[in-house]
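Quick note on the numbering used here: the sequence shown kicks off at 6 and runs consecutively.
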Amino acid sequence: MSKSCAEVRYISTDVIRPATYCSSKASGVSGSDECIELSKEDIMVLPVGYMQRGLLCSCKEEDKKTVVTRLKTSLALTLDHFFPLAGRLAVRKHDNVDADASSSVYINCNSVGAEFIHAIADHVTIGEILDPVYVPRVVQESLFSLNGVMNYEGLSNPLLSIQLPFSIDCESFKETYVSTTAAANTSQLESKCFHFTAENIARLKAKANSCISAEESTSTKISSLQALLAHFWVAVTRARCLDQDDETTYLVAIGNRDRLKPPVCQEYFGNLA
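In structure tokens, the structure reads:
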């Protein structure tokens, strides 16, 4: 595409606060700000970019105004339950008598609000988003707000920013999930999400296990996950043209909610990966 960031035209930007916060302010009741300390796992992702997730939905032209209004109302009600997303990061300094001064980061649940952006993608079609092999530049640079923003910048940026860009043909397609990464937003490298079918994974697993010697096969079995990760990493290493003596790292994020003792419920709001 040639227009890049000019593909999206911004109509309005609103600050959406939790519904109960708005009603309490209207009645003259002031709530107290709650502070949520960040865990070690939360702090680890502070230098990482904001997560970018999107859902493509159909919408008739005559319904767009109603959709925007209802989404704002729904967001306000949702923030009643996920109120940390309406806050900001903050830093607390600690003056220790017997040690050097230190600082900690926490979420100040002050209900300053999440961001809601109404936009129009005048020249973007659904096919331009879904058909290319690699993630289109317009997805990386224009369809999501807060591109290139790191998590620690939540000190001054909203922790949640929702952008609603209507495309020129949003009436005639099936709902689809799209995503991108912050790393791709600041790089000229092309990015792509790979999806492996169950049949392909089974084929990789069978191939990997067939390479095990007869002596090892009785005690060693390669799982589907191991076969898939090995296949992917071999391809990445080959594409990077690394020397055999070069050291490299493979990081895999996994959910730890049900692996802790005692386990944490799946609705736990912090980072546990």
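For each residue, glycine too, the CB sits at the ideal point set by N, CA and C. Predicted, not measured: the structure shown is a model, and the values here were computed from it.
Run through the segment 195–265 for me and flag every whole alpha helix (DSSP H) of 4 or more residues, listed as ranges in chain order. As summarised for the segment 195–265, the continuous alpha helix (DSSP H) elements at least 4 residues long and confined to that stretch are 203–215, 219–222, 229–244, given in chain order.
From V129, R262, K266, residue whose alpha carbon lies closest to that of A278: R262
Limits of the alpha helix (DSSP H) - the one that T78 falls within: Start and end: 69–86.
What does DSSP give as the partner residue(s) for N115 in the beta ladder? For N115, which the question treats as bridged, DSSP gives no partner whatsoever.
How far does the alpha helix (DSSP H) with R142 in it reach, from first residue to last? R142 -> alpha helix (DSSP H) spans 142–146.
Local Cβ density within 10 Å of C114, reported as buried at 16 or more and exposed below that: buried
Can you tell me where the alpha helix (DSSP H) with E133 in it begins and where it stops? 131–135
Is DSSP giving M56 helix, strand or coil here? coil
Reference V20, options L76, A232, L135, closest by Cα: L76
Please look up how many angstroms separate the CB atoms of S166 and A119, rounded, as I've assumed it's under 8 angstroms. 7 angstroms
Pull up the DSSP beta-bridge partners for I16, would you. Beta-bridge pairing links I16 to no other residue.
K179 - DSSP class collapsed to helix/strand/coil: In this predicted model, K179 has a pLDDT of only 46, less than 50, meaning its place in the structure is not dependable enough to derive any value.
Beta-carbon separation (whole angstroms), Y139 vs E195, contact threshold 8 angstroms: 4 angstroms
From L233, C198, M56, T202, residue whose alpha carbon lies closest to that of K212: L233
How big is the Cα-Cα spacing for Q271 and F87? 14 angstroms
Could you give the DSSP three-state label for V269: helix, strand or coil? coil
May I have the straight-line CA-CA distance separating L151 from A91, to the nearest angstrom? About 15 angstroms.
Own chain, CB closer than 6 angstroms to E42, minus 5 neighbours either side, in chain order: Cβ neighbours of E42 beyond the five flanking positions: Y111.
Measuring from the CB of T71, is there a heavy atom of the ligand FMN at a distance below 7 angstroms? This structure lacks the ligand FMN, and indeed carries no ligand of any kind.
Please state whether DSSP places K45 in a helix, a strand or coil. helix
Using C-beta distances below 7 angstroms, list every residue in its chain close to D47, excluding the 5 sequence neighbours before and after it, in chain order. Beyond the five residues adjoining it in sequence on each side, D47 comes within less than 7 angstroms, by CB distance, of G275, N276 in the same chain, given in chain order.
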